[in-house]
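Visitor: Taking our numbering, the leading residue of the sequence shown gets 1314, the next gets one more, and so forth. Glycine residues also receive a C-beta, built at the ideal position from the N, C-alpha and C atoms. Predicted model, so just to flag it, every value in this text is computed and none were measured.
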Amino acid sequence: MSATTVVSTGSTGGSSSTSAGGATAAPLEHVADAVLELRGIRQTYGTGEAAVEALRGIDLVVTRGDYLAIMGPSGSGKSTLMNLLGCLDIASEGQYLLGGVDVSSLDDRQLAKVRNQQIGFVFQSFNLIPRMTALANVELPLVYGGVKSAERKRLALEALDLVGLADRVDHRPQALSGGQQQRVAIARALVTSPTIVLADEPTGNLDSQSTDDVLGILDSLTKVGRTIVVITHENTVGAHAARVISIRDGHLVSDRRNRPLGATRGNGAAV
Ligand SMILES: Nc1ncnc2c1ncn2[C@@H]1O[C@H](COP(=O)(O)OP(=O)(O)OP(=O)(O)O)[C@@H](O)[C@H]1O
Ligand SMILES: [Mg+2]
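(1) Determine which residues share a DSSP beta bridge with His1546 and list them.
(2) Does the beta carbon of Val1365 fall short of 7 Å from some heavy atom of ligand 1?
(3) Identify every run of the beta strand (DSSP E) within the region 1363 to 1401, keeping only runs that are complete inside it and at least 3 residues long; order them along the chain.
(4) Where does Gly1353 fall in DSSP's three states?
(5) For Ser1559, verify whether its CB is less than 7 Å away from any heavy atom of ligand 2.
(6) Name the residue from Lys1536, Ala1576 and Gln1356 whose alpha carbon lies nearest to the alpha carbon of Leu1398.
(7) Would you kindly check if the distance between the Cβ of Val1375 and the Cβ of Leu1401 is under 8 Å?
(8) Lys1461: beta carbon under 7 Å from a heavy atom of ligand 1?
(9) Please output, in chain order, the residues near ligand 2 using a CB cut-off of less than 6 Å to any non-hydrogen atom of the ligand.
(10) At the level of alpha carbons, what is the spacing between Thr1322 and Gln1431?
(11) Taking DSSP as the reference, what is the three-state secondary structure of Ala1479?
(12) If you draw a straight line from the alpha carbon of Leu1528 to that of Gly1575, how long is it in whole angstroms?
(13) Please indicate yes or no: does the CB of Ser1523 lie closer than 7 Å to some heavy atom of ligand 1?
(14) For the region 1482 to 1556, which segments carrying the alpha helix (DSSP H) assignment without a break, of at least 4 residues, lie completely within its bounds, in sequence order?
(15) Kindly give me the distance between the Cβ atoms of Pro1515 and Pro1486, rounded to whole angstroms, as I take these residues to be in contact under 8 Å.
(16) Give the straight-line distance between the Cα atoms of Leu1468 and Glu1452, rounded to the nearest whole angstrom.
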């Protein structure tokens, strides 16, 4: 396939030469401070009569430190978009730059590395390993990343402390509440210091108290400059995000900002 395209992130001048629209093969120009850039993204499942166009031309730029919610009805394409953003799948058409790198040019090995180092996943069903303690679960992405044992433990303890679970590090998942399990999963997502935290219905399996806890943690992450993308059906979750996009039938139909980039929810000042 084609060679890896790395678009420079370090341009010095302010010359933002706007590319003339229409030239489909033109490389996507990297937007300063953008961590995710999607241009003309289409995703089609199957072929011929049975083909389903799940995404029909998505353009989206997400800036570093933003907190984005992706909303839309069932079947609108949210999980399809999540799979692309998380480099679990490659789009049929269009360009996707993650941290300035065109992921469509990467092979499976490189994609696995990108997922490990640049993306922190949080799933609806926690996806913790039952036999392992909270600490071992959080250390896992660092094991795959080849980080040495002492450093792994230090980083994992730091992440568990950040989600308020310093006193539960030796507990296995079954000895933790659903909300605590999701907090372990968030610590696991953070431990590699990823470019983005990508959460798919992170509160879908939680009671209202645990939902508040998890949303509070996501709020605190945004205060320290993390970039968060959350997929949700729930308006209460969307209300925490700084920006909300809606998709319907594979199209981006609205893009609304709840508050300016960098501003935090409620009366708390940005850290
Ligand atoms: N692997 C697949 N093969 C064929 N069609 C698929 C596949 N995955 C998704 N689709 C179709 O693509 C469209 C978008 O699906 P997607 O799972 O992205 O929706 P969603 O917004 O996540 O829905 P939900 O809220 O129900 O999870 C749907 O019409 C779905 O049937
Ligand atoms: Mg879905």
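Guide: The relevant details are as follows:
(1) The residue labelled residue 1546 in the question sits at position 233 within the sequence shown. Looking at the DSSP output, His1546 shares a beta bridge with no other residue.
(2) Here residue 1365 refers to the residue found at position 52 of the sequence shown. Yes - ligand 1 has a heavy atom lying nearer than 7 Å to the Cβ of Val1365.
(3) If only uninterrupted beta strand (DSSP E) runs of at least 3 residues are considered, those enclosed by the region 1363 to 1401 are 1365 to 1376 and 1380 to 1384.
(4) Taking the sequence shown and counting its residues from 1, the one referred to as residue 1353 is at position 40. Strand, per DSSP.
(5) As a first step, residue 1559 must be located in the sequence shown, where it is residue number 246. No.
(6) Position 85 of the sequence shown, counted from the start, is the residue given in the question as residue 1398. Closest option to Leu1398, Cα to Cα, is Gln1356.
(7) Taking the first residue of the sequence shown as 1, we reach residue 1401 at position 88. Taking the first residue of the sequence shown as 1, we reach residue 1375 at position 62. In terms of Cβ geometry, Leu1401 and Val1375 do not form a close pair [threshold 8 Å].
(8) As a working note, residue 1461 is residue 148 in the sequence shown. Flag unset: Cβ of Lys1461 not near ligand 1.
(9) Answer in sequence order: Lys1391 and Ser1392.
(10) The residue labelled residue 1322 in the question sits at position 9 within the sequence shown. The residue labelled residue 1431 in the question sits at position 118 within the sequence shown. Confidence at Thr1322 is low in this model, with a pLDDT of 37, below 50, so the placement of that residue should be treated as unreliable; the coordinate-derived value is given next. Rounded to the nearest angstrom, the two C-alpha atoms are 16 Å apart.
(11) Within the sequence shown, residue 1479 is the residue found at index 166, counting from 1. The answer is helix: DSSP assigns Ala1479 an H, G or I state.
(12) In the sequence shown, counting from the first residue as 1, residue 1528 sits at position 215. In the sequence shown, counting from the first residue as 1, residue 1575 sits at position 262. Leu1528 and Gly1575: Cα-Cα distance of roughly 17 Å.
(13) The residue given as residue 1523 occupies position 210 in the sequence shown. Exclusion of Ser1523 from the 7 Å shell around ligand 1 follows from its C-beta lying no nearer than that to any non-hydrogen atom of the ligand.
(14) When DSSP assignments are scanned along the region 1482 to 1556, the uninterrupted stretches of alpha helix (DSSP H) that are 4 or more residues long and fall wholly within it turn out to be 1491 to 1503, 1521 to 1536 and 1548 to 1551.
(15) As a position in the sequence shown, residue 1515 is number 202, starting the count at 1. As a position in the sequence shown, residue 1486 is number 173, starting the count at 1. Not a contact, Cβ separation roughly 16 Å.
(16) In the sequence shown, counting from the first residue as 1, residue 1468 sits at position 155. In the sequence shown, counting from the first residue as 1, residue 1452 sits at position 139. Taking the straight line joining both Cα atoms gives about 8 Å.
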